[in-house]
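Here the structure comes first, spelled out in structure tokens, and everything after it is commentary.
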Amino acid sequence: MHTLEHNESEIEINEAGVDLGGLMTVLSKHLYSTPVVALRELVQNSHDSIVRRRIEDKGSFESEIRITVDRQLKTLTISDSGAGLTLEEIHQFLATVGVGYTRTLRAQNEDNDGLIGMFGLGFLSAFVLASKVQVRTCSYQTPTITHLYQSRNAQNYTATLTEHRCSVGTDVILTLNDSYKELASEQELRRLLSHYCILLNEPIYIGEESEALNNETPPWRITEDVHPIQLQKRRLAFAKKFEMNFEPITTIPIYESVLRHDLEKPVNNDLSPVEKDLKGLLWIQDGAFYGTSDNRNLAVFVRGMLLDDDAKDLLPTWAGFMGGVIESQKLTPTASRETLQKDSYYYEVKHAISELLIEGLASIAENQPEAWRRILTRHNEALLAASLCDERLFAILQDRVKIPSSQGEITVNKLSNKDRKIHVMLSEEAGFEDMIFRTLKIPVAYGHRYAVIPFLRKWASINNVTLIELGTEKGNQHFFIKEELASSTLEILSEGLCDNEHLIVASFLPQELPLVVVPDREAILKNRLESDEADKRIASAALDLVRQFTKKIESRPEIRLFINSKNSAIAFLIEEIQKGNSVSQSLLLLKAMKTIMTASGDSQANVNLSQALYNVSELVKKMSN
Ligand SMILES: Nc1ncnc2c1ncn2[C@@H]1O[C@H](COP(=O)(O)OP(=O)(O)OP(=O)(O)O)[C@@H](O)[C@H]1O
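Printed below as a string of structure tokens:
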């Protein structure tokens, strides 16, 4: 038996069939998310053709891309003063799918000179918008003649000599499909192209206009000496164009030192590839939407063309309050040029942006007190969480972010008392903890709020302070120092005072407080976390695990009644019981007090308030008799 390798000559080699029509439809209609992307592709071809002419044609020329419309004829024309195409090049590059001259030029040219095209596909998208595509082109190589390419479907085309265009360059004339005839509007074109092409290096004009729509120099390309305040103003104004929902508070320029330095010196060879490549601006938003803390917003331009205006994944997840616009020559687009390939360079850029943000925030904290104050007020909660993601951020923020507490929002050092203790309560309800701390006049942090507990834990461990988490077993042990009593005394107290609570004798502050009901805050918090997790739509297997865990906690006992051995009334009652005297009236009064306290602290508490109030009234009457 012969194997394929041994006897190839005997085996017939077949050619795979290609349904060109089907392939064309996929490439032209389904490659891009929106057909208007076709416009961007055609402008990009004009741009590349101008770059080509600059490289190859030694004569001087004025660079221009002009988009015009004829409402009557329903045509849209993209003209450029680029290199044009010879008849041969029309066949070879324009009409051959997957082949383009731009790729060849790029391979020959190490610096690339900002060439954008690479796939040899973009031109096809013209057939999505147009029922007929005409390309009138005069090559710098044959400047006395002009050729006309015409096609209705990209598959069959004609290429003939035509009336001379008078100057080197190309007009791509689209006879718009009925569904895109609204594109035959200068206003609409300006809107679309300002979005995609604002950073493109070659000037783009609409209609007869003499001012290019992309004539504004982005702040990082400003080479003249501008006063720092002016520069900051221009940065803010530029950021505003990209930040639709919020005002930018302040900006963080990308590699400013490299850029400003470059003005005097050639590129420093010690710079990393990202430092050499990445340009742009990051900023901090003024405000946030209610209900979402992730408003990250990043526009990515690759070689001047907007590629992705929602590339938020390049910003760290903690930076929900940041926006940005970046420009790169080296990030790689996918074939649709609407997203980025997640290659190793992508992750290098992502890392670099995170570093820039951290350094930028540190510098704002140091040098821009007013902006920093606004940032802290607007994004306190997000910064609290952000500080947990990076040690440097923690160092910058640890004494600047505010913690919600019984005394309002205060910095954490104000929470720490003389004994180097910070108290945090886990409940949202103004329960026993709130009352105790109001009496003691020391602040207690509200730990139910997002990121407060992990932040305080970290702060306490770094600063050598004890964190007392009230409502947890451990926290309570710090606060309520248990005492032993004879079981017969405990029984009498329990019978007289408890409904369904577990009675514990302890000494605690303030000593004026005879007793306090302490629910198991841990179980309550865990329940809440469980529903948070569910909101995040975590995998159901993980959710089951969480539920199993919470189930265990729920079956733990419950509500405890601490009675304060430091309190003179309680001490007196214990003594009386030990002597064998009856204290039932006093216990009834204390029990009523307990019920009233519980009911006022916790609106959901299952207590018999009317019975308690009735008992108080009866006891008052008895005392007066
Ligand atoms: N306006 C133009 N002027 C001169 N040549 C053009 C023009 N438009 C297209 N071409 C030629 O046609 C080729 C194919 O264009 P097409 O847009 O399909 O691919 P590309 O730009 O090379 O790559 P990509 O698919 O990444 O855009 C280009 O490489 C270029 O040689």
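Taking this note's numbering, the leading residue of the sequence shown gets 362, the next gets one more, and so forth. Backbone N, C-alpha and C fix where the C-beta goes; we use that ideal spot for every residue, glycine too. None of these values were measured; they are calculated from a predicted model.
Identified DSSP bridge partners for residue i
i, result
"P518", "Inspection of the sequence shows that residue 518 is occupied by Tyr rather than by Pro. Per DSSP, S512."
"K952", "K952 is not bridged to any residue."
"V533", "I439 and V496"
"R921", "H863 and V879"
"T344", "Absent from the structure is residue 344, since the part of the chain shown begins at 362 and ends at 986."
"K988", "With the chain running from 362 to 986 in the structure shown, residue 988 is simply not present."
"F662", "L667 and E688"
"Y566", "R427"
"Q646", "P609"
"I842", "S868"
"A999", "Nothing can be reported for residue 999, as the shown portion of the chain is limited to 362 through 986."
"M958", "Per DSSP, none; premise fails for M958."
"M683", "I645"
"P694", "L701"
"P614", "L642"
Cβ separation of residue i and residue j, assumed to be a contact under 8 Å, to the nearest whole Å
i, j, result
"F816", "S748", "7 Å"
"M666", "A515", "With 8 Å as the limit, M666 and A515 do not qualify as a contact, their Cβ atoms being about 22 Å apart."
"P564", "A573", "4 Å"
"W581", "L659", "15 Å between Cβ atoms; not a contact."
"L854", "L864", "6 Å"
"F682", "A723", "Incorrect: roughly 16 Å between the Cβ atoms, too far for contact."
"E844", "V879", "About 16 Å separates the two Cβ atoms, so there is no contact after all."
"I823", "H784", "So it is not a contact: roughly 18 Å between Cβ atoms."
"L490", "L537", "6 Å"
"I439", "V533", "5 Å"
"L482", "L392", "7 Å"
"L922", "L858", "6 Å"
"L466", "R413", "6 Å"
"N778", "I803", "6 Å"
"F607", "V686", "Not a contact, Cβ separation roughly 14 Å."
"G378", "R664", "37 Å between Cβ atoms; not a contact."
"L403", "A487", "6 Å"
"R877", "F798", "Here residue 877 turns out to be Val, not Arg, going by the sequence shown. Actually they are not in contact, since the Cβ atoms of V877 and F798 sit about 12 Å apart, beyond 8 Å."
Any non-hydrogen atom of ligand 3 within 7 Å of residue i CB
i, result
"Y501", "With respect to small molecules bound, the structure shown includes ligand 1 and not ligand 3."
Cutoff 8 Å: residue i Cβ touching any chain C Cβ
i, result
"R432", "The displayed structure is made up of one protein chain only, and chain C is not part of it."
Beta strand (DSSP E) runs contained entirely in the stretch 698-757, provided each spans 3 or more residues: none
Residue ranges of each beta strand (DSSP E) within the stretch 812-838, 3 or longer: 827-831
Contact the stretch 498-511 vs the stretch 429-446: 3+ CB pairs below 8 Å: yes
Whole alpha helix (DSSP H) elements within the stretch 403-474, 4-residue minimum: 462-469
Inter-stretch contact (C-beta, 8 Å, three-pair minimum) for the stretch 713-726 and the stretch 606-618: yes
At least three beta-carbon pairs within less than 8 Å, the stretch 641-648 to the stretch 734-754: yes
Residue ranges of each beta strand (DSSP E) within the stretch 754-809, 3 or longer: 763-766, 769-772 and 782-786
Cβ contact check for the stretch 461-472 and the stretch 385-403: 3 or more pairs under 8 Å: no
Given 8 Å, three or more beta-carbon pairs between the stretch 547-558 and the stretch 417-436: yes
Segment contact flag, the stretch 842-853 with the stretch 801-808, C-beta cutoff 8 Å, min 3 pairs: no
The stretch 974-981 in contact with the stretch 943-962 per 3-pair CB rule at 8 Å: yes
Meets three-Cβ-pair contact criterion under 8 Å: the stretch 506-525 and the stretch 634-641: no
Inter-stretch contact at 8 Å, needing at least 3 Cβ pairs: the stretch 394-414 / the stretch 688-695: no
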